[in-house]
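Notes to accompany the following structure.
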Amino acid sequence: MQPPLLVKTLLLFALLLSSAPLRATAAQETQRERRVTTQTPAARPTPTPTPARPTQTPKPAASQTPTPTPTPAPTPQTTPAAPQTLEELRARIRDLIARPEFAASRVAVKVASLDTGRVLFEQDSRKWMQPASNMKLYTVAAALDRLTPDYRFVTSVYAPARPDAAGTVRGDLVVYGRGDPTFAVRFNPEGNTDYAFAIDALAADVFAAGVRRVEGDLVGDESYFTGAPIPPGWEWDDLQWYYGAEVSALTVNDNSVDLSVKPGASVGSPARITLGPSTPLVTIIDRTNTSERGTTRDLSVNRAPGQNTIEIRGRLPIDDRGYTASLAVSRPAALFAAMLRASLERRGVVFTGQTRTVDAQGRADKPLPVSSLVEIATRKSPPLSVIAAQTLKPSQNLYAELLLRTLGKVSGSTNPKLSSEEAGEQAVAKFLTQAGIDPSGLVMNDGSGLSRSDLVTADTTVQLLVYMSRHRSGSEFRLALPVAGVDGTLRNRMKGTPAQGNVRAKTGTLGTATSLSGYLFSAAGERLVFSLMINNPPRDANPRTEFTDAVAVLLASFAGRS
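Residue numbering for the sequence shown is 918 to 1479, as defined by my numbering.
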């Protein structure tokens, strides 16, 4: 006997429910705000995505440029059905590109198979696009190739002679930096949030060398790099935040300080403001007050370019959880030198002179006489493979710029007119040429992608990724990329989809550009490489969840073959 129509309908409905796709919880990549105005007490910047900075003053995450307000929590979205054929996959990608909200945007896409070499999808892949932080792919790839994953930065402390029997150094004590980015909390042992941890280790070596008194100055020498501390194309309102920090051969704590603003003890009292690390080099102008419970936070934070004065204005409700941010410091070599001197003085070392810095311009007339100096202490950084991951996963601009200038120094450029940055750009171009990639597909004005003058093509980016997939350092390169739904700038994106734990890709976010380029496995087990770029995205749509992440999820769920 046949079951009645109602029973068959209910059975069919139950079957459909049992095969319903998972719910996606891909969150858009949050960015830092420029101003902290008209926010509710619960709206605070999102903490940094990776080990990063001390837990007491977490840094808001920013791939590139901040947005005016915090990003709301994402709404779960249903994972679309998996495309079964190549024709269906292509049609689905075209549908995403053709969405009305992207009509005024420029979109470039290239998807290829690492297994067969075939192109699965391509649109405008040879058009110039702003890459945002996808530029870091080029910098890190060239660094791994030229420097090797085992490369270590060296910071040296020099004196005219070894200390005498009484521990006295007669003359200046010079700390000479070579671009080491790892004097930073993110490189401390897990759980250690001491800003001075690496500085203290260097100071301990100086003390162990017998130094007890310095009859001269402590000199922070940042002359290893030549050129301006700010790359061309960086916008002035990026420069006050940590992601727009000045580049120096003597770098400490990402050349920034962590700001914490909390309500005062009572309504009407000033807010409680602290800095980490605490330093007399940075001046706080406090124009804040504590407002009544339930009122709206209204703060503004400003540090003028080239200055180390931070002005904080506005009100903070007494029940507010507080505001945290990281602001760049100007002349970071001075901060390094001051922290080293403080660490040495805590050990009882006496200085009779001042603390000062010397840059390349200051060394031009009076070069450092290394041959006549004695190296009394050194510190080697962790290997480049570790630094590469701390560059790509959290999208750390400063580290990419340090790598670019280091490439310029070790490339052996014979043109004395080139700055370290320009020589580094030439080194990247030479790397591409030797990789069989036409460097004319890249216009490089910095190493991080914060410059609005950078241009790349999706085609060139895919060529780079293909080359690095078979490079001797390909494993280190791949492992340094953020993983969807797991870590870095992808930690909150594409969760609950076939892309989670599968997609390894570099994000990129500017107000004018969004990009995602990397590797994944399709549902059929095919290795795919992709580059997705959208320029001038709409303000009323999220180009990450609605384009780059959506395409990546489609590729990860693709059940067909190229």
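The beta carbon of each residue, even a glycine, is placed where N, CA and C say it ideally should be.
- Under the DSSP assignment, Met1361 falls outside any beta strand (DSSP E); it carries neither an H nor an E label.
- Note that the C-beta distance between Gly1094 and Tyr1159 is not below 8 Å.
- Beta-bridge partners of Glu1132 (DSSP): Arg1087.
- Classified as exposed, Trp1153 has fewer than 16 neighbouring CB atoms from the shown chains inside 10 Å of its CB.
- Taking Arg1461 as reference, the option from Glu1005, Val1024, Ala998 with the minimal CA-CA separation is Val1024.
- By the Cβ-count criterion, Asp1376 is buried, with 16 or more other Cβ atoms from all chains shown falling within 10 Å of its own Cβ.
- As the crow flies, the alpha-carbon of Ala1294 is around 50 Å from that of Gly1413.
- Thr1272 has Leu1135 as its beta-bridge partners, per DSSP.
- Under the three-state reduction of DSSP output, Pro1460 falls in the helix class.
- About 15 Å separates the CB atoms of Ile1190 and Ile1235; that is not less than 8 Å, and the two are not in contact.
- Rounded to whole angstroms, Leu1335 and Ser1312 show a C-alpha spacing of 27 Å.
- Residue pairing of Pro1234 in beta bridges, as defined by DSSP: Ser1208.
- In this structure, DSSP gives Tyr1384 a helical state, which the three-state scheme calls helix.
- According to the DSSP assignment, Arg1007 belongs to the alpha helix (DSSP H) that extends over 1003 to 1014.
- Met1450 sits in a strand when the DSSP states are folded into three classes.
- Sequence-distant Cβ neighbours of Thr1212 in its own chain, meaning closer than 6 Å and more than five residues away, are Pro1234.
- Taking 4 residues as the minimum length, the alpha helix (DSSP H) runs contained wholly in the stretch 1375 to 1427 are 1375 to 1386, 1391 to 1396, in order along the chain.
- Here Ile1116 carries a helix assignment [DSSP, helix/strand/coil].
- In terms of Cα proximity to Pro1017, the closest of Leu1309, Ala1242, Thr1241, Glu1463 is Glu1463.
- Within the DSSP bridge table, the entry for Met1046 names Val1373 as partners.
- Across the set Pro1455, Thr1424, Asn1225, the C-alpha of Asn1225 shows the shortest separation from the C-alpha of Ala1162.
- By the Cβ rule, the stretch 1426 to 1442 counts as touching the stretch 1038 to 1050, because three or more pairs are nearer than 8 Å.
- Residue burial annotation: Ala1281 is exposed, with fewer than 16 other C-beta atoms found within 10 angstroms of its C-beta.
- DSSP, read as helix, strand or coil, puts Tyr1141 in coil.
- Two segments are said to touch when three or more pairs of C-beta atoms, one from each, lie closer than 8 Å; by this definition the stretch 1258 to 1266 does not touch the stretch 1170 to 1181.
- Taking 8 Å as the cut-off, the beta carbon of Thr1374 is found no closer than this to the beta carbon of Arg1035.
- In this structure, Arg1322 places its C-beta atom within 8 Å of the C-beta atom of Gly1341.
- When DSSP states are grouped into helix, strand and coil, Lys1283 belongs to the coil group.
- Between the C-alpha atoms of Val1092 and Thr1072 there is a straight-line separation of about 7 Å.
- Straight-line measurement puts the Cα of Tyr1316 at about 24 Å from the Cα of Arg1258.
- Look at Trp1158 here: in three-state DSSP terms it is strand.
- Our two residues, Pro1149 and Arg1079, have alpha carbons roughly 42 Å apart in a direct line.
- Note: Ser1177 is bridge-paired with Thr1191, Thr1241 in the DSSP secondary-structure output.
- The bridge partners DSSP lists for Gln1313 come to none.
- Counting along the chain, the unbroken alpha helix (DSSP H) around Arg1263 starts and ends at 1249 to 1263.
- Annotation: the continuous alpha helix (DSSP H) that includes Tyr1055 extends over 1052 to 1064.
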